[in-house]
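Comments concern the structure below.
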Amino acid sequence: MCRLALMDNAGIRYMQETHGLVDLFDHLEKQLGGHGNGICFIYNNGSYSIKKGLDLKNEQIAEEIMEKIDELRWIIYHTRLAGAASVIDGNCHPFEDNGRVMAMNGNETDYTVVDSSLTDTENILRTTPNITEGTKKYKSAFIGYENGKVFANKNICDLECIIGKNGGIVFASRFPLRYSENETVYEAPPNFIEGEQFPLKLSKTEVEFCYGNEKIPYTFRNGELGGVLTEITDVTSIGTEAAKVAPAEIVVTTSGAVLPGRNMPQTVMCLVAAEAAVKQNGVIIILGNGDIDAGYLQSQELLRVLEKARVICVSEMDDAIVGKLNMIPAADIHDAFAKARSLVEKEEPKIIAIPDGASVVSTTN
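Start counting the sequence shown at 3; every next residue gets the next number (our numbering).
Given below as structure tokens:
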């Protein structure tokens with residue numbers, strides 16, 4: 003897997019003015035890169051040039067982009083995380099063949115091999131007469147330049163889009179989460195060709211969590227924590243629904259309201275429901291109903307949950323008390339998710355949301 007970006011001239015200017023090119027490139031490199039970077043400069047006259055290598059730094063790339071800004075029409079950026087092929091300068095993207103340029107994010111196994119010493123990307127480039135159309139059949143994301151136009155085929159891989167306030171177009175595998183505070187981040191269309199109109203849909207999903215007598219909205223970007231955000235709302239059993247998606251690295255739930263007929267405190271009850279959906283050594287976020295009675299949490303059920311997962315607690319309890327209960331305190335849901343992301347050793351973990359935890363009964367224990 004790798005990371006990539008595609009920007010037109012206005013998009014370059016917008017990104018540099020708002021966030022900085024280096025900030026975006028560094029983010030992509032830290033996500034799924036580090037084995038060499040590359041840049042293709044596509045000029046106003048239709049020509050292009052490529053620079054790439056293991057020692058090519060993002061600062062160098064950004065500096066050269068801005069030096070050439072008045073000459074540029076588009077740029078193609080790529081940072082590589084090596085798969086099967088060696089970590090050498092020659093395996094860095096983008097690649098070129100007969101006036102065509104291509105970079106890829108993903109791994110492919112079903113393609114025609116013309117040279118076993120080449121990467122999957124190079125073999126696909128050399129054996130595909132029309133890469134703009136021909137790369138649509140693969141799983142990976144492709145960006146490139148062919149017949150005087152850039153293209154982007156998302157297929158089933160990560161690719162997002164920001165339209166700058168100046169009309170600039172910026173595609174990237176994943177933008178930093180903080181960009182969504184000031185930008186509208188879209189899910190990229192399945193296919194993009196320079197000069198053609200393309201549909202956009204918001205790259206986010208909003209979930210309302212029951213928190214005491216309130217409903218607290220939290221907005222997830224699609225794929226923010228794994229590509230699939232699943233809500234479990236079944237009021238009779240978590241078993242069937244959880245089995246379809248579990249285990250998840252992060253589960254968020256709430257104490258909600260008391261469910262009659264269960265001789266168990268509601269906070270513990272919703273933790274038990276979350277236990278059924280969380281992966282071993284995963285993270286459970288519990289949104290407590292105000293000031294949780296710490297005595298309620300001293301139970302065999304909680305001990306069992308803590309053996310399986312780390313628990314982050316948002317409540318009005320003193321942080322010291324939360325710590326004594328072997329849970330991690332958090333100020334609010336945003337703080338809790340930030341801590342959960344730092345605890346989970348996976349770039350894009352799955353997440354399950356149980357918006358009203360006390361109304362979901364676990365039958366899998």
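Glycine residues also receive a C-beta, built at the ideal position from the N, C-alpha and C atoms.
9 Å Cβ cutoff met for residue i and residue j
i	j	result
G13	G150	no
A190	K156	yes
F200	V254	no
N39	T81	yes
I41	L58	yes
P357	T256	yes
E185	F177	yes
D91	K54	yes
Sequence-distant residues of the same chain with beta carbon closer than 7 Å to residue i, five excluded per side
i	result
C348	It is worth fixing the name first, because residue 348 is Lys in this sequence and not Cys. Excluding sequence neighbours, K348 sits near E251.
Q18	M68
G35	C4, R5, T81, R82, L83
G136	T130
K341	I314, I330, A332
I195	T134, K151, F153
V115	N125
N60	V24, F27, D28, E31, N39
D337	none
9 Å Cβ cutoff, residue i in contact with chain D
i	result
L204	Here there is only one protein chain, and chain D is not present.
Residue i, buried or exposed, once every other Cβ within 10 Å from all chains shown has been counted against 16
i	result
A245	The pLDDT assigned to A245 is 39, lower than 50, so where the model puts this residue is not dependable; a value taken from the coordinates is nonetheless given after this. Per the 10 Å Cβ criterion, exposed.
N107	buried
Q2	One cannot answer for residue 2 here, as it falls past the ends of the chain, which runs 3 to 367.
I353	buried
H21	buried
D320	exposed
S118	exposed
K32	exposed
V166	Rather than Val, the amino acid found at residue 166 in this sequence is Gly. G166 comes out buried.
V324	buried
D10	buried
A322	exposed
Nearest-angstrom beta carbon gap, residue j and residue i [assumed within contact, 8 Å]
i	j	result
L83	C4	5 Å
I369	V187	A query on residue 369 cannot be resolved here, the shown segment of the chain reaching from 3 to 367 and no further.
I52	L8	In fact, because the Cβ distance is near 14 Å, the residues do not count as touching under 8 Å.
Y50	Y147	6 Å
L161	F173	6 Å
F43	L74	6 Å
I288	L273	6 Å
V89	H37	5 Å
Own chain, CB closer than 8 Å to residue i, minus 5 neighbours either side, in chain order
i	result
C159	N107, G108, K141, S142, A143, S175
K310	E277, V280, Q282, N283, G284
Y113	D122, N125, I126, T129, Y140
Y181	H21, I164, V187
G197	K151
Proximal residues to residue i (C-beta, below 6 Å), its chain only, five neighbours per side dropped
i	result
M329	V313, C315
N168	A12, Y16
A369	Examination of residue 369 is not possible in this model, given that the chain is present from 3 through 367 alone.
I145	L6, L8, I78, A105, A154
K203	E189
W76	D10, I44, V152
L308	N328
P249	K281
G85	N109
Three-pair Cβ contact test at 8 Å for the stretch 332-349 versus the stretch 272-289 | A contact exists between the stretch 332-349 and the stretch 272-289.
Validate contact between the stretch 26-34 and the stretch 64-83 using beta carbons, cut 8 Å, 3 pairs = With the cut-off at 8 Å, the stretch 26-34 and the stretch 64-83 touch.
Assess, as a yes-or-no matter, whether the stretch 119-136 is touched by the stretch 90-98 under the definition of 3 or more beta carbon pairs within less than 8 Å.
-> Yes, since at least three Cβ pairs between the stretch 90-98 and the stretch 119-136 fall closer than 8 Å, the two stretches touch.
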